[in-house]
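Enquirer: Quick one: structure below, then a few questions.
There are 2 protein chains.
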Amino acid sequence: MKLTEAKQQFISSWGAFGTHWGINRTMAQIHALLLISPDPQTQDDIMEELNISRGNTNMNIRELINWGLVERVLLSGERKEYFSAEKDIWKVVKQIVKERKKRELEPMLQLLDRLEEVEGDKRDKSVKTFVDTISGIKKLGRQADKTLDMMIKAEESWFIGTMMKFFK
Amino acid sequence: MKLTEAKQQFISSWGAFGTHWGINRTMAQIHALLLISPDPQTQDDIMEELNISRGNTNMNIRELINWGLVERVLLSGERKEYFSAEKDIWKVVKQIVKERKKRELEPMLQLLDRLEEVEGDKRDKSVKTFVDTISGIKKLGRQADKTLDMMIKAEESWFIGTMMKFFK
DNA sequence: ATATATTTTCAATAAATTTTGAAAATATAA
DNA sequence: TTATATTTTCAAAATTTATTGAAAATATAT
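Chains as they are written, first to last, in this note's numbering: chain A, 1 to 168; chain B, 1001 to 1168.
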């Protein structure tokens, strides 16, 4: 397979992959493009490569910056802004985990805390089922939260080494 | 908080949560409703509770069955079908992991295998960056695949116990 | 200061996804 | 068998989400 075709396939698949995980296709594609670009790219480079409008490009780049996956690069003597993505995949994964944990897991755990304190007699079957379900989710959620915290702090080598030993 | 309100909040939040993970809102809401329902529910029960149409209800129940999260229950002497969700959250998580692994992670790893074999000289910077990125993703992906395999087989007690020890 | 390049915003539009509801298919009862 | 209940399908409609592109804002150069 030629490089050009391989790049296109990667970008397109990364985009489709993203949509299965609640990430918009264009954002995932820009990320993919920057991941495989040796040098920082301008907005115009990205627009041209992916055939998308200036506004769309701009908004999604900003979103990637918010997620901590892309950074602005200023090249001396250049007026345009350049963008580049973190290439270390372990760091990328940790950053995504960190953000999703903060944006989704933590608020969900807070909600579960409140819901668990529902009024009513636990001898009432509907109260019991509700509280038991909420508690079960909360318990697993709290464990996930702790595990992810550790993962975020861990080095890839340590983490993979540990997993290898465990899950030989 | 009253049970009725708590239930509604849970269903609504579970639905919103789902959309952040590429799962349609209604499917997640039906799942939430069944999770907190002490007894199996009919299509009409679900339609009424969530204020959704018969077609929508039917399609999403089927989808939940495909995901292995809900099962049909036949009550003797009853003509209607009843539905209930697996209540053990650890089993639910394992089932979701298993399905997403099969549907998304495995095809992605297969694609990466093919992309890694791109033609061209690795001294060419653009080839090198591409291959290195693909290899990095593949390496982490393969490790995730193994780890998830183990998790799918593990008992909750073993898994949580292990994690607790590690991440004291 | 003015001109020019570049980035950002956002209302309008387009595209994708979800939902409806009525008709068709299927299953059960009489 | 015929009647009735129940489930399934799917084209059309509604809704949600993504994208465009031109105007406004900002930054840099002359």
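Where a beta carbon is used, it is the ideal one built from N, C-alpha and C, also for glycine.
Helix, strand or coil for V1073 of chain B, going by three-state DSSP, please let me know.
Expert: Working through the second sequence from its first residue, we reach residue 1073 of chain B at position 73. Strand, per DSSP.
Enquirer: I think T1026 of chain B touches N1060 of chain B, with their Cβ atoms under 8 Å apart; what is that distance to the nearest whole Å?
Expert: Working through the second sequence from its first residue, we reach residue 1026 of chain B at position 26. Working through the second sequence from its first residue, we reach residue 1060 of chain B at position 60. About 5 Å; that satisfies the 8 Å criterion.
Enquirer: Are the beta-carbon atoms belonging to A28 of chain A and F17 of chain A less than 8 Å from one another?
Expert: Working through the first sequence from its first residue, we reach residue 28 of chain A at position 28. Working through the first sequence from its first residue, we reach residue 17 of chain A at position 17. Closer than 8 Å, so yes.
Enquirer: How about N58 of chain A and Q43 of chain A: do their beta carbons lie closer than 8 Å?
Expert: Sequence index remark: in the first sequence, residue 58 of chain A carries index 58 (1-based). Sequence index remark: in the first sequence, residue 43 of chain A carries index 43 (1-based). Note that the C-beta distance between N58 of chain A and Q43 of chain A is below 8 Å.
Enquirer: Can you tell me the Cβ-Cβ gap for I137 of chain A and I1030 of chain B, rounded? I've got them flagged as a contact below 8 Å.
Expert: Taking the first residue of the first sequence as position 1, residue 137 of chain A is located at position 137. Taking the first residue of the second sequence as position 1, residue 1030 of chain B is located at position 30. That pair is no contact at about 16 Å.
Enquirer: Apart from the five residues just before and just after L1064 of chain B, which ones in its own chain have a Cβ nearer than 7 Å to its Cβ?
Expert: Numbered from its first residue, the second sequence carries residue 1064 of chain B at position 64. Hits under 7 Å: M1027, I1030, H1031, V1070.
Enquirer: In chain A, which residues lie with their C-beta within 7 Å of the C-beta of L1035 of chain B?
Expert: Position 35 of the second sequence, counting from 1, holds the residue named residue 1035 of chain B. Within 7 Å Cβ-Cβ: T133.
Enquirer: Using beta carbons (cut-off 8 Å, strictly below), is G1136 of chain B in contact with chain A?
Expert: The residue labelled residue 1136 of chain B in the question sits at position 136 within the second sequence. By this cut-off, G1136 of chain B is an interface position.
Enquirer: Across the region 80-89 of chain A and the region 107-122 of chain A, are there enough close Cβ pairs to call them in contact, namely three or more that are closer than 8 Å?
Expert: no
Enquirer: Which residues, in order along the region 1066-1095 of chain B, keep a beta-carbon less than 8 Å from a beta-carbon of chain A?
Expert: K1087, D1088, I1089, W1090, V1093
Enquirer: Please report whether the beta-carbon of I52 of chain A lies at a distance below 8 Å from any beta-carbon of chain B.
Expert: Translated into positions along the first sequence, residue 52 of chain A becomes position 52. Taking 8 Å as the threshold, the shortest C-beta distance from I52 of chain A to chain B does not fall below it.
Enquirer: For V97 of chain A and chain B, any beta-carbon pair shorter than 8 Å?
Expert: Along the first sequence, one-based indexing puts residue 97 of chain A at 97. No, V97 of chain A lies away from the interface with chain B (no Cβ there is under 8 Å from its Cβ).
Enquirer: Shortest alpha-carbon distance to V92 of chain A belongs to which of A:L105, A:T147, A:G68?
Expert: Here the question's residue 92 of chain A lines up with position 92 in the first sequence. Nearest of A:L105, A:T147, A:G68 to V92 of chain A, Cα basis: A:G68.
Enquirer: Indicate whether K102 of chain A and M151 of chain A have their beta-carbon atoms separated by less than 8 Å.
Expert: The residue labelled residue 102 of chain A in the question sits at position 102 within the first sequence. The residue labelled residue 151 of chain A in the question sits at position 151 within the first sequence. No; because the gap between Cβ atoms is not below 8 Å, this pair is not in contact.
Enquirer: With distances taken from CA atoms, which of A:E49, A:T4, A:R142 is nearest L169 of chain A?
Expert: This structure does not reach residue 169 of chain A, given that chain A is present from 1 up to 168, and the question cannot be answered.
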